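> My questions will all concern the structure given below.
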Amino acid sequence: MTLHLPGADGALRAYEPRTEPLALTPGAPLTSRTVFSAAHVVADPYADTTPDSPAAVDWDATLAFRRHLWSHGLGVAEAMDTAQRGMGLDWSGAAELIRRSAAEAKAVGGRIACGVGTDQITGGTLAEVRAAYEEQLALVEESGAQAILMASRALAATAQGPDDYLEVYGHLLRQAAEPVVLHWLGPMFDPALEGYWGSSDLDAATDTFLEVIAAHPDKVDGIKVSLLDARREVDLRRRLPQGVRCYTGDDFNYPELIAGDEQGFSHALLGIFDPLGPLAAEAVRVLDTGNTEGFRALLDPTVELSRHLFQAPTRFYKTGVVFLAWLAGHQSHFTMVGGLQSARSLPHLSRAYELADGLGLFPDPKLAEERMRTLLHLYGVTP
């Protein structure tokens with residue numbers, strides 16, 4: 048049945064939803080690439096909250112979504128920015144999320160890595176920043192999950208130059224029990240991280256980042272790069288010490304980066320693999336057979352949707368991710384912690400629906416159509 052979707056110009060246009068989903072079922076474990084989906088959290092829609100109050104999470108639905116990702120062979124990157132870390136989910140909520148998800152991973156045999164940051168403080172001395180990191184690192188290690196050392200707003204505000212980053216990260220790597228993933232999140236995802244690694248010059252920042260890794264290669268499993276610059280990521284991964292992996296965080300260029308070239312490839316830790324989970328897993332299974340063309344044929348068509356969700360201001364991509372989870376039936380509502388469901392416009396959400404439906408991402412296209420129609424009516428859209 049025809050839907051009338053508003054475009055960026057405000058005009059309505061007719062769209063005919065598809066009737067059959069893409070056939071995607073759980074399959075064999077992934078072998079050629081390590082792939083993490085940075086997973087969203089499901090808000091409790093019945094909680095009496097405001098944008099400034101602590102997050103209220105629907106734990107059953109949140110953990111069910113993680114089981115969905117694990118069932119397709121994906122790892123879960125927990126308590127990252129896709130989970131609204133620092134944008135609705137505070138450290139207390141993140142700590143509970145880590146505990147629960149790590150326990151669930153152990154119960155079902157799923158792979159999990161969890162974000163370690165400093166969001167229990169907003170600033171302070173280098174010693175205080177280091178102590179905040181240490182508190183979170185201890186919790187993640189106690190949970191049995193792998194640690195992802197995330198970029199810190201507090202460190203960005205406190206550090207006076209590259210030496211401060213070398214000191215803080217060197218200290219953390221020396222005490223880490225197991226190899227960690229280092230996360231470089233660009234300012235397009237979080238403006239407070241401008242000038243991370245001690246410089247706004249990305250070449251200089253890269254040199255400092257590599258210096259941290261070179262000093263402790265045995266404590267770095269890999270790096271997650273979220274700069275939305277494919278050429279820079281390729282150059283960076285070619286400079287990594289032997290055995291240190293590159294996990295692409297580039298939601299604009301992931302197919303080519305995962306496919307790689309004659310000199311190497313990137314693994315993946317991506318927010319777009321939240322809505323694309325089953326399709327991404329199927330594509331990597333094709334790549335596991337050595338069929339790069341088949342991998343690209345499956346994944347390349349998804350880039351338009353990803354670029355749409357992650358368009359500027361990029362940090363609000365989370366709204367589109369949760370919106371698609373609602374349409375796909377992974378949760379019963381379109382509500383987000385912090386009220387972030389209001390962060391994208393109806394034309395933006397309509398285009399996200401159209402692109403996702405065209406890809407066959409919705410297990411039940413009729414349900415997605417009905418929910419899209421409900422949203423349109425809520426906004427006052429009538430044919």
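Residues 48 to 430 in our numbering are what the sequence shown lists, from first letter to last. Heads up, the beta-carbon is just placed ideally off N, CA and C, and yes, glycines get one too. Quantities reported herein were computed from a predicted structural model and do not represent experimental measurements.
1. Roughly how many angstroms separate the alpha carbons of Leu352 and Leu408, rounded to a whole number?
2. Buried or exposed: where does Arg221 fall if 16 or more other Cβ atoms within 10 Å of its Cβ makes it buried?
3. According to the neighbour-count rule (16 or more other Cβ atoms, all chains shown, within 10 Å of its Cβ), is Lys153 buried or exposed?
4. Under the rule that 16 or more other beta-carbon atoms within 10 Å means buried, what is Arg60, buried or exposed?
5. For Glu63, count neighbouring Cβ atoms within 10 angstroms of its own Cβ and tell me buried if that reaches 16, exposed if not.
6. Would you kindly report the start and end of the unbroken alpha helix (DSSP H) that includes Ala415?
7. Below 6 Å CB to CB, which residues in the same chain sit around Leu69 once its five sequence neighbours on both sides are set aside?
8. From Ile260 to Ala306, what distance separates their C-alpha atoms?
9. Mind listing, in chain order, the continuous alpha helix (DSSP H) runs of no fewer than 4 residues lying wholly within the segment 219–282?
10. Taking Ala160 and Gln183 to be in contact with their CB atoms under 8 Å, please state how far apart those CB atoms are, rounded to whole angstroms.
11. Indicate the three-state DSSP secondary structure (helix, strand or coil) for Val123 in the structure shown.
12. Quick check: Thr255 and Pro209, are their CB atoms within less than 7 Å of each other?
13. Over what stretch of residues does the alpha helix (DSSP H) that includes Val163 continue unbroken?
14. Quick one: what's Gln193 bridged to in DSSP?
15. Counting C-beta neighbours from all protein chains within 10 Å, is the total for Ala330 16 or more, i.e. buried, or is it exposed?
16. What would DSSP say about Leu52, mapped onto helix, strand or coil?
17. Looking at the unbroken alpha helix (DSSP H) that takes in Arg113, where does it start and where does it end?
18. Using 8 Å for Cβ pairs, my map puts Arg391 next to Gly367. What's the rounded Cβ distance?
19. Does DSSP classify Arg132 as helix, strand or coil?
20. Should Ala85 and Gly311 be called a contact, given that it needs their Cβ atoms to be closer than 7 Å?
21. Please state the DSSP three-state secondary structure of Ser353.
22. Quick one: grab the DSSP three-state call for Arg285.
23. Helix, strand or coil: how does DSSP classify Phe370 here?
24. CB-CB under 6 Å to Tyr216, same chain, minus the five flanking residues each way: which ones, in chain order?
25. In whole angstroms, give me the CA-to-CA distance for Asp105 and Ala124.
26. Sort His377, Thr349, Leu356 and Asp298 by Cα distance to Phe83 and report the nearest one.
27. Going by the CB atoms, is the gap between Pro92 and His380 shorter than 7 Å?
28. Start and end of the alpha helix (DSSP H) containing Phe342?
29. Which of the three DSSP states is assigned to Phe363 in this structure?
30. Nearest-angstrom Cα distance between Ala223 and Ser397?
31. Starting from the C-beta of Phe370, find all residues in its chain whose C-beta is less than 7 Å away, skip the five residues before and the five after it, and write them out in chain order.
32. Determine the extent of the beta strand (DSSP E) in which Thr295 is found, giving its start and end residues.
33. How is Val384 classed by DSSP in three states: helix, strand or coil?
34. Tell me the DSSP bridge mates of Val82?
35. Rank Ala178, Thr129 and Asp308 by C-alpha distance to the C-alpha of Thr361 and give the top, closest one.
36. Look at Gly162 and Ile195 and say whether their C-beta atoms are less than 7 Å apart.
Short version:
1. One C-alpha to the other measures close to 11 Å.
2. In the assembly as shown, Arg221 is an exposed residue. Its beta-carbon has fewer than 16 other beta-carbons within 10 Å.
3. When all chains shown are included, Lys153 counts as exposed.
4. Its Cβ having fewer than 16 others within 10 Å, Arg60 is exposed.
5. Around the beta carbon of Glu63, fewer than 16 other beta carbons lie within 10 angstroms, which makes this residue exposed.
6. From DSSP, the alpha helix (DSSP H) with Ala415 extends over Pro412 to Leu425.
7. If the five residues before and after Leu69 are omitted, its C-beta is found closer than 6 Å to the C-beta atoms of Gly407, all from its own chain and listed in chain order.
8. Computed Cα separation, rounded: 24 Å.
9. Fully enclosed alpha helix (DSSP H) runs of no fewer than 4 residues occupy 249–262 of the segment 219–282, in order along the chain.
10. Contact doesn't hold; Cβ gap of about 13 Å is too wide.
11. Looking at Val123 - three-state DSSP - the assignment turns out to be strand.
12. For Thr255 and Pro209, yes; Cβs fall inside 7 Å.
13. No alpha helix (DSSP H) holds Val163; the beta strand (DSSP E) holding it covers Ile159 to Val163.
14. Answer is Ala160.
15. It counts as buried.
16. Leu52: strand per DSSP, three-state reduction.
17. Unbroken alpha helix (DSSP H) run through Arg113: Trp106 to Ser118.
18. With 8 Å as the limit, Arg391 and Gly367 qualify as a contact, their Cβ atoms being about 6 Å apart.
19. Strand at Arg132.
20. No, these two residues do not count as a Cβ contact at 7 Å.
21. Helix.
22. Correct three-state label for Arg285: coil.
23. It is helical.
24. Closer than 6 Å at Cβ, skipping near neighbours: Val259.
25. Computed Cα separation, rounded: 18 Å.
26. If we check each option's Cα against that of Phe83, Asp298 comes out closest.
27. Yes, the pair counts as a contact, with Cβ atoms nearer than the cut-off.
28. Taken as a continuous stretch (DSSP letters only), the alpha helix (DSSP H) holding Phe342 covers Thr339 to Leu346.
29. Note: Phe363 maps to helix in three-state DSSP.
30. Roughly 45 Å between the two C-alpha positions.
31. Taken in chain order, the residues that qualify are Phe381, Leu396 and Ala399.
32. Counting along the chain, the unbroken beta strand (DSSP E) around Thr295 starts and ends at Arg292 to Thr295.
33. Looking at Val384 - three-state DSSP - the assignment turns out to be helix.
34. Residue pairing by DSSP puts Val82 in a beta bridge opposite Ala315.
35. Of the listed residues, the one whose Cα sits closest to Thr361 is Thr129.
36. Yes, these two residues count as a Cβ contact at 7 Å.
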